[in-house]
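In what follows, a single structure is set out as structure tokens and then discussed.
Number of protein chains: 2
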Amino acid sequence: MDQLHLPRINGARLWQSLMDLAAIGATPRGGVCRIALTEADRQGRDLVVRWCREAGLDVRVDEIGNVFARRAGSDPHARAVATGSHIDTQPSGGKFDGNFGVLAGLEVMRTLDDLGIVTRAPLEVAFWTNEEGTRFTPVMMGSGVFAGEFDAAFARAQADVDGVSVGDALAAIGYRGAQPAGEVPDGMFAAYFEAHIEQGPVLEAAGLPIGVVSGALGQQWYDVTVTGMDAHAGPTPLALRHDAMLAAARMVDAVNRIAHDEAPHGRGTVGYLQVTPNSRNVIPGRVDFSVDFRNLSQDGLDRMHAAMHAAFEGIAVAAGVEVDIRQVVKFEPCVFAPECVDSVRRAASALGLPHMDVVSGAGHDAVYVARRAPTGMIFVPCKDGISHNELEDALPEHVEAGANVLLQAMLAHAR
Amino acid sequence: MDQLHLPRINGARLWQSLMDLAAIGATPRGGVCRIALTEADRQGRDLVVRWCREAGLDVRVDEIGNVFARRAGSDPHARAVATGSHIDTQPSGGKFDGNFGVLAGLEVMRTLDDLGIVTRAPLEVAFWTNEEGTRFTPVMMGSGVFAGEFDAAFARAQADVDGVSVGDALAAIGYRGAQPAGEVPDGMFAAYFEAHIEQGPVLEAAGLPIGVVSGALGQQWYDVTVTGMDAHAGPTPLALRHDAMLAAARMVDAVNRIAHDEAPHGRGTVGYLQVTPNSRNVIPGRVDFSVDFRNLSQDGLDRMHAAMHAAFEGIAVAAGVEVDIRQVVKFEPCVFAPECVDSVRRAASALGLPHMDVVSGAGHDAVYVARRAPTGMIFVPCKDGISHNELEDALPEHVEAGANVLLQAMLAHAR
Numbered sequence: 005m006d007q008l009h010l011p012r013i014n015g016a017r018l019w020q021s022l023m024d025l026a027a028i029g030a031t032p033r034g035g036v037c038r039i040a041l042t043e044a045d046r047q048g049r050d051l052v053v054r055w056c057r058e059a060g061l062d063v064r065v066d067e068i069g070n071v072f073a074r075r076a077g078s079d080p081h082a083r084a085v086a087t088g089s090h091i092d093t094q095p096s097g098g099k100f101d102g103n104f105g106v107l108a109g110l111e112v113m114r115t116l117d118d119l120g121i122v123t124r125a126p127l128e129v130a131f132w133t134n135e136e137g138t139r140f141t142p143v144m145m146g147s148g149v150f151a152g153e154f155d156a157a158f159a160r161a162q163a164d165v166d167g168v169s170v171g172d173a174l175a176a177i178g179y180r181g182a183q184p185a186g187e188v189p190d191g192m193f194a195a196y197f198e199a200h201i202e203q204g205p206v207l208e209a210a211g212l213p214i215g216v217v218s219g220a221l222g223q224q225w226y227d228v229t230v231t232g233m234d235a236h237a238g239p240t241p242l243a244l245r246h247d248a249m250l251a252a253a254r255m256v257d258a259v260n261r262i263a264h265d266e267a268p269h270g271r272g273t274v275g276y277l278q279v280t281p282n283s284r285n286v287i288p289g290r291v292d293f294s295v296d297f298r299n300l301s302q303d304g305l306d307r308m309h310a311a312m313h314a315a316f317e318g319i320a321v322a323a324g325v326e327v328d329i330r331q332v333v334k335f336e337p338c339v340f341a342p343e344c345v346d347s348v349r350r351a352a353s354a355l356g357l358p359h360m361d362v363v364s365g366a367g368h369d370a371v372y373v374a375r376r377a378p379t380g381m382i383f384v385p386c387k388d389g390i391s392h393n394e395l396e397d398a399l400p401e402h403v404e405a406g407a408n409v410l411l412q413a414m415l416a417h418a419r
Numbered sequence: 005m006d007q008l009h010l011p012r013i014n015g016a017r018l019w020q021s022l023m024d025l026a027a028i029g030a031t032p033r034g035g036v037c038r039i040a041l042t043e044a045d046r047q048g049r050d051l052v053v054r055w056c057r058e059a060g061l062d063v064r065v066d067e068i069g070n071v072f073a074r075r076a077g078s079d080p081h082a083r084a085v086a087t088g089s090h091i092d093t094q095p096s097g098g099k100f101d102g103n104f105g106v107l108a109g110l111e112v113m114r115t116l117d118d119l120g121i122v123t124r125a126p127l128e129v130a131f132w133t134n135e136e137g138t139r140f141t142p143v144m145m146g147s148g149v150f151a152g153e154f155d156a157a158f159a160r161a162q163a164d165v166d167g168v169s170v171g172d173a174l175a176a177i178g179y180r181g182a183q184p185a186g187e188v189p190d191g192m193f194a195a196y197f198e199a200h201i202e203q204g205p206v207l208e209a210a211g212l213p214i215g216v217v218s219g220a221l222g223q224q225w226y227d228v229t230v231t232g233m234d235a236h237a238g239p240t241p242l243a244l245r246h247d248a249m250l251a252a253a254r255m256v257d258a259v260n261r262i263a264h265d266e267a268p269h270g271r272g273t274v275g276y277l278q279v280t281p282n283s284r285n286v287i288p289g290r291v292d293f294s295v296d297f298r299n300l301s302q303d304g305l306d307r308m309h310a311a312m313h314a315a316f317e318g319i320a321v322a323a324g325v326e327v328d329i330r331q332v333v334k335f336e337p338c339v340f341a342p343e344c345v346d347s348v349r350r351a352a353s354a355l356g357l358p359h360m361d362v363v364s365g366a367g368h369d370a371v372y373v374a375r376r377a378p379t380g381m382i383f384v385p386c387k388d389g390i391s392h393n394e395l396e397d398a399l400p401e402h403v404e405a406g407a408n409v410l411l412q413a414m415l416a417h418a419r
């Protein structure tokens, strides 16, 4: 089939669905506040479920509130080819993060109906509970339970700041299903694709509409405390100081250098830093800060871990301070299934859409689902790389292009 | 006169006076809270004034509340040889900061009475209003008015957080005197000496009881704002970042390097630093911090100023951020009168007290008085270099040694 005769989704319909869903929890500055398992989330879920039923899909809800909507295939023994994302948002979230992946999946189903195409394998569009982790932790809860990262009972017992549990919140909004988490009618998915805004600046900087996501960076987060001694800035000569701020500053620079040594995928960030006593003429006696390391291989993360310990200890000795490093978060790197990555790349090529291979720097539901099924992701650019912000924005032509790639990739596995 | 026959102060009496004065405003942890122009300050002033009168001194109060207590000399035309310091404290202050200098001066008068010595020149012991600047700014207010740095009307109009003015607070505690500030009966002082704890670690580290203070470092303080762009720590590659934290960290290191380049007197400190938004997985878009530069010469401070601008601008360009530098404080360096510094050095030598030349890193009343009269200072060690803290401590033998040096230095100018 040549490029002109490939089936295409309806970009205007997809855009209108994105705008309609964004009206639920809309904020004055153009964003969306639809936090997981709130009344707004219920309204959003109800709307998407209604659309799925109107498209003739069979909707099921599992015990952690993940929703699966199935379009039957011609082969009763075939495993489903799936897609999905999430519809919960950050408190100051945008219209596209998560929502784009879910509604692109729905648009694929609607398009196949329009064209009268019946696939061999069934198709599923899922939305996963509490990806954002704003009200309840851990983040990516629904896909994490699906993947066996934690069990459903643990997840349902998690409580918000008011003591309300996930289980009770699911029941309150009518989304505590009976289906055991992780149980799909025909066994596990044959493949899973997730379309998502990039949430970063790479595609926009490259001027490309499609990112072929080869995997997701692993993450290791640390809390660091540097302890020196408070002293007067005036009467204390440099040689007699135990300056926690100076040592911490050199450590921040070392974090950046260690990340550069792991180019192109190494990333190192100090996002949080607190000085004590934080008075302009007192040499700081204590600095607490965070380190966020990311890399595409566990070997790379291990190298960064070792390099950080060596660098920080050397800096501390030279500055006459103590340093304490505690690891607080660990997500392993994820390499997506080559056949799914290839399907995304071939879909973009077949559609004549310029694209590049990229990695995801952030976590996504797809990273958990990848533990249970061959998985790929499709990125589209977002304006200025901004996400988790009411200013989050994307172009209609990029949204349409991403959904068309999703359609082709799913068809490649479901035909 | 050989060392054995030099007059000596009464160390036990001086120590007892220090402890008696420290009982007014005593804190549970062994410190003192006697903030300027409070009821506690009134009680402290009244006690010291009573002691002065009991020692036969003539007490006067000027229009900003500075107190002068005079012991007459034999030459009615001679200008006074003066000493002094302050008795107000920080909210969590210690027993020695300021108090030592005032009571060492009083002990000099008491000793001369004991020994029946009448000097040619009159002697004065002063305590200056509001050295600490805790309740009212500017700091070193009384000596600043005396020296003409600001006028008495300006100082009296300064208000605390409750809107109470210095003038009203002086009247309330009975220390708003009639004598114009800066007016001394016989004209200006012939010389002024101030004994003080070091408030730093140099003498303790050197194991010496006496510091001969040759001058005080000038100070230039700055507020700095680094502006980058907030972005997700995961999806944003290093090359596309505008990381305000990384740039600020390199600037902190540059402040230290610039100070090292001005050894031995250059000092550079970042005591305050605030990160925005200060979230562990967000690349910081803004960092605000302070810079405190000190040096013994204005040329040196000028070099530090220029080196900072060059360094910060280079770092900002390399990191893709903006930097804004505002100077907020300037105290000029002070070089004490060579004849007074020599008198202190000779006094220590004559007494057989090991000593070294030092500079003051902090401001003192003596720095202002030095604008009106030949001035010198005597430092004694304080435990661990700690001051402005309830843990502030000093050894009786060091306090006694410092007062003996003060006695000899004053006699050298007053005989």
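Chains D and S are the protein sequences, given in the same order.
In the numbering used here, each residue carries its 1-based index in the first sequence increased by 4.
In the numbering used here, each residue carries its 1-based index in the second sequence increased by 4.
The beta-carbon is built from N, C-alpha and C at its ideal position, and this holds for glycine as well.
On a predicted model such as this, the values are computed, not experimentally measured, just so you know.
Sub-9 Å separation of residue i and residue j beta-carbons
i, j, result
"S/Ala370", "S/Gly380", "yes"
"S/Val403", "S/Phe100", "yes"
"D/Asp296", "D/Val230", "no"
"D/Arg38", "D/Asp45", "yes"
"D/Ala194", "D/Val85", "yes"
"D/Val348", "D/Ile382", "yes"
"S/Arg59", "S/Ala73", "The amino acid at residue 59 of chain S is misidentified as Arg; the sequence shows Ala. Their beta carbons are under 9 Å apart, which means S/Ala59 touches S/Ala73 by this criterion."
CB contact below 9 Å: residue i versus chain S
i, result
"D/Arg54", "no"
"D/Met144", "no"
"D/His236", "yes"
"D/Asp440", "Nothing about residue 440 of chain D can be read from this structure; chain D reaches only from 5 to 419."
"D/Val371", "no"
"D/Gly270", "yes"
"D/Val279", "yes"
Near the ligand MN: residue i beta-carbon under 8 Å from a heavy atom
i, result
"D/Gly186", "Within the structure as shown, the ligand MN is missing, as the structure has no ligands at all."
Interface partners of residue i on chain S, CB under 7 Å
i, result
"D/Ser294", "Arg284"
"D/Ser391", "His236"
"D/Ala210", "Within 7 Å Cβ-Cβ: nothing; D/Ala210 doesn't reach chain S, min ~10 Å."
"D/Ala263", "Leu242"
is_contact[residue i, chain D] using C-beta, thresh 9 Å
i, result
"S/Gln331", "no"
"S/Ser169", "no"
"S/Tyr276", "yes"
"S/Glu202", "yes"
"S/Arg64", "no"
"S/Val327", "no"
"S/Pro189", "no"
"S/Arg254", "yes"
"S/Gln223", "yes"
"S/Ala267", "yes"
"S/Met249", "yes"
"S/Gly219", "no"
Integer-rounded CB distance, given that residue j should sit under 8 Å from residue i
i, j, result
"S/Met360", "S/Gly215", "6 Å"
"S/Arg124", "S/Gly77", "5 Å"
Chain-ordered neighbours of residue i on chain S, where CB pairs are closer than 9 Å
i, result
"D/Gly148", "Within chain S, no residue comes near D/Gly148; the closest Cβ sits about 17 Å away, beyond 9 Å."
"D/Glu322", "Note on identity: in this sequence residue 322 of chain D is Ala, with Glu being the wrong assignment. Within chain S, no residue comes near D/Ala322; the closest Cβ sits about 11 Å away, beyond 9 Å."
"D/Ala199", "Result: empty, since nearest Cβ-Cβ is about 15 Å, beyond 9 Å."
Beta-carbon neighbours of residue i, restricted to chain D and to distances below 9 Å
i, result
"S/Arg298", "Ala237 and Gly238"
"S/Gly365", "His236, Ala237, Gly238, Pro239, Thr240 and Pro241"
"S/Asn408", "Chain D residues near S/Asn408: none, gap ~23 Å exceeds 9 Å."
"S/Asn103", "Residues of chain D passing the Cβ test: none, with the nearest at roughly 18 Å."
Chain-ordered chain D contacts of residue i [CB-CB under 7 Å]
i, result
"S/Ile287", "Thr273 and Gly275"
"S/Ala86", "Chain D residues near S/Ala86: none, gap ~24 Å exceeds 7 Å."
Interface partners of residue i on chain D, CB under 8 Å
i, result
"S/Val206", "Pro239, Pro241 and Leu244"
### Task
Quick one: which unbroken beta strand (DSSP E) runs of 3-plus residues sit fully inside the region 29-92 of chain D? Chain order, please.
62-65, 71-75 and 85-89
### Message
Restricting to runs no shorter than 4 residues, where is the alpha helix (DSSP H) found entirely within the region 361-409 of chain S?
### Response
369-373
#### Entry: Sequence ranges, beta strand (DSSP E) only - wholly within the region 272-297 of chain D, length at least 3
277-280
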